[in-house]
Structures are given as C-alpha cells and as structure tokens.
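Asker: My questions will all concern the structure given below.
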Amino acid sequence: MNEPSSTTGFEAALRDRAQQAYVLRLYVVGLTPASQRAIMRLREICEQHLAGRYQLEVIDIHLQPELAAEADIIATPTLLRLLPEPVVRIVGDLADNHRVLVGLDLRPDE
Amino acid sequence: MSTMGSATPLAKQPSGIAGLDDLTGGGYPQGRPTLVCGGAGCGKSILGMQFLVSGARDHGEAGIFLSFEEPVDDIVANAASLGWDLPSLVDAGKLLIDHVVVERNLIEEAGDYSLDGLFIRLGAAIDRIGATRVVIDTLEVLFSALANEAVVRAELTRLFRWLKDRGVTCIVTAERGDGSLTRHGLEEYVSDCVILLDHRVIDEISTRRLRIVKYRGSAHVTDETPFMIDRDGFHVLPASSLRLEHEASTERVSSGIPRLDAMLGGGGFYRASSILVSGTPGSGKTTIAASFAAAACARGEQVLYFAFEESPSQLRRNLASIGLGVQDYIDAETLRVMATRPAAHGLETHLAHILHEVDESGAKVVVVDPMSAFGANDLARANMLTRLVDLLKVRGVTTMFTTLTNEAQNEAGTQISSMIDCWLSLETIDFNGERNRSLTIIKARGTGHSNQIREFVITSNGVELVDVYTGVGPVLMGTARLARQAADAAEATTRAEAMDSLRRAIERRTAAVDAQILTLRAELAAEIEAIEVELRRAESVESQLAADQEVRTSARGADTSADGGSR
C-alpha cells in the first residue's frame, strides 16, 4: 500500500467511472404533472450526462405496488440509482437540477 | 331530515384491554385515529399490537401493523414472549405486519414530493385482508428521514383524513416530547383521542401510568391510572370510577378456627369482606392467616397468598410444624403462594400485580402478609390499600391483611381501619415469666361478636382458642391460668366429696330404718300368729264344751225342743 500506487488506482477508478453503466429506476404515481416533470427532467439529465450508458425504468406504483413495497418507497417521485453501487435514493420532482447531479454522483461541470 | 340531528353516541371499538375500556367507556373511537404517546419502552407498541391481536382473535377483525422501526421478526418474537402467536394470525389472514424501512440520512431531496408511496402501500395492505384496524408505529421516523418538514406535515394531515375516510380505527404511536405530548407535535393531527403512557421511576421503583389526555365526544376518566405489562400483555387497573356499590354478601366463610367462628357470631367472616389481623411480632398473624387460607382451600376455593416476608417453602415448613399441611393445596394449585420481595415494585405495580393475579386465577380468598410490605405507613399507601380493598370487594374476594400493631395506630392507620370490616387484634402478654398470646375482636361489622379476650394457643395440632381465666381475681393466661384452674378444680372436688358423704349418710339412715321396719313387721306377724293359735285353741275348747253339754242333756232325757227330741 504505498502512496503512488493508491493514487494511480484512484485516478484509474475516476476514468472508469466515466464509462460506468447506470441503472436507474424512477417510481411515480400515475401520470400526474409531478410525475411527468420528473420523468422529463430525468431523461434530459441522462441524455446530457449518461448518453449511451444508462438504463432507465419508470414504475407506476399504482400499477405495481409490490415493486414499491420491495424498495420501501414512501415518497413519490423517488429515483433509485441501483448501479453503480452504492444505491442512491433521491426523492422529489427533480426540480433541483444541481442536487440531482450531485446525488447521482455526476459532477455538474462535466 | 334523516341525517340531521341524529345524536347517536360515538361508536367505540374495544381495545382488547379491559381496564382501558372501562376508562374510555368502551374503547377507541371507531373509524378514527387515536394517538398513543410516551417515552421509550413504555409499552406503546404492545398497546397497539394488543388492539390488533384481540381484534383478530376475539372479534374476527383483521388488522395491519405498520412498523417503521422494528423488523417483522423482532415484532413476532416480542409478541411471542407475551403469548401471542402472530404467525398463525397472519396465516389466518387476520393480521398483516409490514415493516417499512426508512433509511435516515440516505435520502437526497431534489424538489417537491408526496407520500403517495405510503398511502398506496397502506391502502393495498388494508384491501388485501379487509382490515378495519390499523396500527402505525411510529410515524415520527418520517420527520427524521425527510428534510422537508412542510411536505411531511401536509402529508400527515392528508394521511389522517384519508384514514378517516377509509373508516379504519387507527392507533398512531409517538415519542414523548419535552414540554409537549409528542416530539413533533403529532397531537395537532390526531385530535380525537390522545392517550399518554408514562413510565416513571420513583424511589428507585418503576411505576407505569396511563392518562387519557383527550377523548373528543366522549366522557372518560382523566386521572392517571396504573398499568402493567406482564406475561400476557397490557393491563390497566382503573380505580377512580369505583364507588361503594358492591352487593353486601350475607354468606359466611370460616376462619379455619372453629372457636373464632363462634366468636364472630357463628360461621366466621362475611364473604367479600376485608379482615385485618394486627399484632406484635410473633403474635401469630401468619398462623391466623394461614388457617384462614387452608380453610378456604378445604372448601375448594382458589386462594392467593401474597407472602412478602417468607418464601413459599419456608411458609410451608412453618405451617407444617403447627399441623397445617398445605402441600396438597399447593400441588393442586388451589393455594398459590406469591412470594415477592416488597421492594421489587412500586405501590401501583403491587396493586396491579395483585389484581391481575386475582383476575387470572379467579381467587375467592386473598391473603396479604403483611401489608407493611407496601412501604412506609403513609397516606399514599393507605389510598392504595383502600383501592385494593374496594377492587377486591367488587370481585367478591374475601381479603385478609396482616400488619404490625403499631402501624394501625397513627393517622394512616385510622384510614386503614375505616376500610376494614373485621379487625382481629393479637397481643402477646408478658406475665408470670412467660409470654402468652391473646386474641380480641376489635370490630366486626354486621356481626354480634364476642367482646371477650381469648387465649390463642398454637400447638403442633393447629390453633386453638381457649377461654381465659375469668373467675374471681385477675384475668389469667398460660400456666397461671392452668394453676388457677387446677386449684379451682381441687376445691370443687372437695366440695363435691362433702356433698357425696352427706348423700351417703342419708342413704345409710334410710336403709337402717327400713331394716328396723322389716324386723318390727316380722315380730308383729309372729305375735299375730301366736295369738291366732291361742284363739283357735279357745274356739275348739268352746265347741267341745258345747258338744259335751249336748251329750249331757241327752243323757238326762230332758224334755227339750224338737231339735233334741229327734235323737
């Protein structure tokens, strides 16, 4: 565990991350304005930052309550980042763009 | 017209806790939420679960337990320790336990949101088993998990309205706050019924109390009421609603000491009365109490004996030494000896404990030996005992307390006396180099009782009451009584012997005179016989003379009557 090797490892990880695949799941309740806003904003962010390396699933918990229960979804909309680990949970209609990027670990300046 | 002005009383749903239903007049408000608040470990979750378990078991109503804190396995294990078999209720479709994991601090918030996820989850659960009862334990987790308090508050308002619309009876638990009922002010949302649980430690003794802070549209008891959690759940022990309205029994129950029964006007104590046995140390209080208990067992009645100073085995041994064998009764569980160290509980817990045991066992006779175990002899204890006596009377239980004499003599003692129906006083009397026991009835309501002191003798064959020496001179007990009785007996013998000899003299004289009479009669008979012989001889001479005369007359040929001429 000498200093140089860990630093290079870290830099390698950073490079890898830029190539990492994202698996996202958005839980909404019906096609309410809030749901639609969240879906629209998430698509924008994905296209802008994760083009070609993301997978997004939108779940209407009205139709699939058991999936919501599995993930302990209390608030809606809720966005789960399943990959890369660790799982990240972001609630709200994603109106705060900056917080979404920070939450997803996508640097806003990228 | 049809709906206006119809003043129907508020419908209530039984809580599954008998004492609590007494306080609320029937249970929780039906179809509305009830807030249960209290500190950590005060029994909020148990209160909630008992509502669901009794609903499922006793009323066939399905319920949801929505837990934000404990995982399902923990809930099931905790309930099992209270004797509740939750998995079987779940299998029967009468219970659904749902654990919602809310990971605090792991939630990012970006924008506006609602708690629809919770609504949908709860709604789906309610629909799945047709639940009419819901427990949410505890909603406050949301406040720590979600940063936007404005959203949480708005959503809670919506949640409670939604629950009301669905018509489910709901219990919501919340942590006690500083200076407010709940930490996050949940009482603002749940305004129909608020119950506060309190778990205090006073003088190093834990005491649980419950208070109904609010019950909209219903009369309720507002006092703090003790409760306890034991091996089968939550028990509330209302005392405030009590009045002296129990039926007075005319049935008598034996004290186990025939002579004492006789002193009480025959038959013993009244059933469902309260008896106090006061006495100096070693005067035989426990012996009297045990005799009473054994007599009840012999009648086939369930007896609870609260022994605060002796262990069951010690009590058993000591009673065996005076010929009171109670082992059979203990084996048959007719006699249950509850031995606890008095300091183990607070007053309320003692009260709760005793009542619970009585209700569970169906005991008809309770012995509390001694009541001095309930701590200092103050008014708090007197109040507790008054309540205990009343509660036991209502249940038709005959109760015997023992106490040290000096306790019965101050102000609090006066109050105790007022609640006691029959007071036996035991004393040891020092006299003539020995210590003897005496028993007096100080009072016995409703009986024409003896006013005499009896000597109370404990032998290896049990208890006996003996008349004290009440002849000429002082009242005597013990060997003095025996000596005096012996002397009296000797005197009596002497007097009896003198009378006997006089009686015998009469007999002898009578016999002598009788003998004389017989002799005289015999002499008389002999004399009469002699005289008769003489008489007969005289008569025969007379007839000879007459015959001779005739012969002579005939010979002379005398001319006589025809009578003589025929010859």
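Read top to bottom, the protein sequences are chains A and B. Quick note, in the working numbering, the first sequence goes up one by one and the last residue is 110. Quick note, in the working numbering, the second sequence goes up one by one and the last residue is 1567. Quick reminder that beta carbons are idealized off the backbone N, C-alpha and C, glycines included. Here the structure is a predicted model, which is why all the values come from computation and not from measurement.
Might you give, ordered along the chain, the residues of its own chain that have their beta carbon closer than 8 Å to the beta carbon of B/I1453, omitting 5 neighbours on each side?
Answerer: By one-based count along the second sequence, residue 1453 of chain B stands at place 453. Taken in chain order, the residues that qualify are S1438, L1439, T1440, V1468 and V1475.
Asker: Can you grab the Cα-Cα spacing for the pair B/A1530 / B/R1536, in whole Å?
Answerer: Taking the first residue of the second sequence as 1, we reach residue 1530 of chain B at position 530. Taking the first residue of the second sequence as 1, we reach residue 1536 of chain B at position 536. B/A1530 and B/R1536: Cα-Cα distance of roughly 10 Å.
Asker: Quick one: any contact between the region 1454-1464 of chain B and the region 1307-1314 of chain B, if contact means 3 or more CB pairs under 8 Å?
Answerer: Verdict: no, contact absent.
Asker: Listed in chain order, which residues of the region 1107-1122 of chain B have Cβ atoms closer than 7 Å to some Cβ of chain A?
Answerer: Within the region 1107-1122 of chain B, the qualifying residues are I1107, E1108, E1109, A1110, G1111, D1112, Y1113, S1114, L1115, D1116, G1117, L1118, I1120 and R1121.
Asker: Based on Cα-Cα distance, which residue from B/R1200, B/T1225 and B/S1218 lies nearest to B/L1210?
Answerer: For the purposes of this step, residue 1210 of chain B is identified with residue 210 of the second sequence, where counting begins at 1. Residue B/T1225 is the option with its Cα nearest to B/L1210.
Asker: Cα separation between A/G52 and A/T32?
Answerer: Locating residue 52 of chain A in the first sequence gives position 52, counting from the first residue. Locating residue 32 of chain A in the first sequence gives position 32, counting from the first residue. Distance between the alpha carbons of A/G52 and A/T32 is about 28 Å.
Asker: Please look up how many angstroms separate the CB atoms of B/D1232 and B/L1082, rounded, as I've assumed it's under 8 Å.
Answerer: Counted from its first residue, the second sequence places residue 1232 of chain B at position 232. Counted from its first residue, the second sequence places residue 1082 of chain B at position 82. Confirmed, about 6 Å.
Asker: Mark B/E1155 as exposed unless 16 or more other C-beta atoms lie within 10 angstroms of its C-beta, in which case mark it buried.
Answerer: Against the second sequence, residue 1155 of chain B aligns to sequence position 155. Classification for B/E1155: buried.
Asker: Could you pull the start and end residues of the alpha helix (DSSP H) that B/S1543 belongs to?
Answerer: Taking the second sequence and counting its residues from 1, the one referred to as residue 1543 of chain B is at position 543. Per DSSP, B/S1543 belongs to the alpha helix (DSSP H) from G1478 to A1555.
Asker: Could you tell me the alpha carbon to alpha carbon distance between A/V88 and B/D1112, rounded to whole angstroms?
Answerer: For the purposes of this step, residue 88 of chain A is identified with residue 88 of the first sequence, where counting begins at 1. For the purposes of this step, residue 1112 of chain B is identified with residue 112 of the second sequence, where counting begins at 1. If I take the Cα positions, the gap works out to 18 Å.
Asker: Inspect the CB distances between the region 1179-1199 of chain B and the region 1027-1047 of chain B and report whether three or more fall short of 8 Å.
Answerer: A contact exists between the region 1179-1199 of chain B and the region 1027-1047 of chain B.
Asker: Output, in sequence order along the chain, the residues in the region 94-109 of chain A whose CB is closer than 7 Å to any CB in chain B.
Answerer: Taking 7 Å as the Cβ-Cβ cut-off against chain B, the residues of the region 94-109 of chain A that qualify are L94, A95, D96, R99, V100 and G103.
Asker: Pair every Cβ in the region 1267-1284 of chain B with every Cβ in the region 1327-1341 of chain B, then say whether three or more of these pairs are closer than 8 Å.
Answerer: No: the two stretches stay apart, fewer than three of their Cβ pairs being nearer than 8 Å.
Asker: Taking Cβ positions only, does A/V88 come closer than 9 Å to chain B?
Answerer: Within the first sequence, the letter at position 88 stands for residue 88 of chain A. By this cut-off, A/V88 is an interface position.
Asker: Have a look at B/G1048, B/V1358 and B/H1235 and flag the residue whose alpha-carbon is nearest the alpha-carbon of B/D1018.
Answerer: Translated into the one-based positions of the second sequence, residue 1018 of chain B becomes position 18. A small fix is needed here, since residue 1018 of chain B is Ala in this sequence, not Asp. When each option's Cα is compared against that of B/A1018, the closest is B/H1235.
Asker: Quick check on B/A1498: buried or exposed, where buried means 16 or more other Cβ atoms within 10 Å of its Cβ?
Answerer: Position 498 of the second sequence, counted from the first residue, corresponds to residue 1498 of chain B. Per the 10 Å Cβ criterion, exposed.
Asker: For B/G1063 versus B/R1133, is the C-beta distance shorter than 9 Å?
Answerer: Reading the second sequence from its first residue, position 63 is the one you call residue 1063 of chain B. Reading the second sequence from its first residue, position 133 is the one you call residue 1133 of chain B. It is a contact, given that the beta carbons lie within the stated cut-off.
Asker: Does the region 32-43 of chain A come close enough to the region 68-85 of chain A to have 3 or more Cβ pairs within less than 8 Å?
Answerer: The region 32-43 of chain A is in contact with the region 68-85 of chain A.
Asker: Give the DSSP-derived three-state secondary structure of B/N1383 in the structure shown.
Answerer: By 1-based counting over the second sequence, the position of residue 1383 of chain B is 383. Here B/N1383 sits in helix by DSSP.
Asker: CA-CA distance, B/L1260 and B/E1348?
Answerer: Along the second sequence, read from residue 1 onward, the residue named residue 1260 of chain B stands at position 260. Along the second sequence, read from residue 1 onward, the residue named residue 1348 of chain B stands at position 348. In a straight line, the C-alpha of B/L1260 is about 34 Å away from that of B/E1348.
Asker: How far does the alpha helix (DSSP H) with B/S1313 in it extend, from its first residue to its last?
Answerer: Within the second sequence, numbered from 1, the residue matching residue 1313 of chain B stands at position 313. B/S1313 -> alpha helix (DSSP H) spans P1312 to A1320.
Asker: Any contact between the region 1178-1185 of chain B and the region 90-98 of chain A? By contact I mean 3 or more CB pairs, one from each, below 8 Å.
Answerer: The region 1178-1185 of chain B, when compared against the region 90-98 of chain A, does not touch it at the 8 Å Cβ threshold.
Asker: Would you list the one or two residues that DSSP bridges to B/H1199?
Answerer: Here residue 1199 of chain B is taken as the residue at index 199 of the second sequence, counted from 1. Looking at the DSSP assignment, B/H1199 forms a beta bridge with B/R1208.
Asker: Consult DSSP for A/N97 and reduce its assignment to one of helix, strand or coil.
Answerer: Counting from one through the first sequence, the residue named residue 97 of chain A turns up at place 97. Helix, per DSSP.
Asker: How is B/W1423 classed by DSSP in three states: helix, strand or coil?
Answerer: Reading the second sequence from its first residue, position 423 is the one you call residue 1423 of chain B. Three-state DSSP puts B/W1423 in a strand.
Asker: Nearest to B/F1160 by CA position, among B/I1136, B/T1222, B/A1150 and B/V1551, is which residue?
Answerer: As a first step, residue 1160 of chain B must be located in the second sequence, where it is residue number 160. Nearest C-alpha to B/F1160: B/I1136.
Asker: What do you get for A/Q64, buried or exposed, if any count of 16 or more other CB atoms within 10 angstroms of its CB means buried?
Answerer: Position 64 of the first sequence, counting from 1, holds the residue named residue 64 of chain A. Under this definition A/Q64 is an exposed residue.
Asker: Taking A/A68 as the reference, give the member of B/C1042, B/F1068 and B/A1124 with the closest Cα.
Answerer: Position 68 of the first sequence, counting from 1, holds the residue named residue 68 of chain A. The candidate whose alpha carbon is nearest that of A/A68 is B/A1124.
Asker: Report the three-state DSSP secondary structure of A/C46 (helix, strand or coil).
Answerer: As a first step, residue 46 of chain A must be located in the first sequence, where it is residue number 46. Helix, per DSSP.
Asker: Taking Cβ positions only, does A/Y27 come closer than 9 Å to chain B?
Answerer: Within the first sequence, residue 27 of chain A is the residue found at index 27, counting from 1. Closer than 9 Å: yes.
Asker: I need the straight-line Cα distance from B/A1505 to B/N1318, nearest angstrom please.
Answerer: Numbered from 1 along the second sequence, position 505 holds the residue referred to as residue 1505 of chain B. Numbered from 1 along the second sequence, position 318 holds the residue referred to as residue 1318 of chain B. Using only the alpha carbons, I get a separation of about 59 Å.
Asker: If you run the structure through DSSP and keep just helix, strand and coil, what is B/C1042?
Answerer: By one-based count along the second sequence, residue 1042 of chain B stands at place 42. Reduced to three states, the DSSP call for B/C1042 is coil.
Asker: Starting from the N-terminal side, write out each stretch of the beta strand (DSSP E) that is 3 residues or longer and does not extend beyond the region 1096-1172 of chain B.
Answerer: As far as the region 1096-1172 of chain B is concerned, its whole beta strand (DSSP E) runs of at least 3 residues are 1107-1109 and 1133-1137.
Asker: Helix, strand or coil: which one does DSSP assign to B/I1275?
Answerer: To locate residue 1275 of chain B, count along the second sequence from 1; it is residue 275. Note: B/I1275 maps to strand in three-state DSSP.
Asker: What does A/P77 touch in chain B if you count any residue whose Cβ is under 7 Å from its own?
Answerer: Along the first sequence, one-based indexing puts residue 77 of chain A at 77. Ordered by position in chain B, the residues that pass the 7 Å Cβ test against A/P77 are Y1113.
Asker: Throw me the rounded Cβ distance for the B/S986 and B/D1074 pair, which I believe falls under 8 Å.
Answerer: Since the first residue of chain B shown is 1001 and the last is 1567, residue 986 of chain B is not available in this structure.
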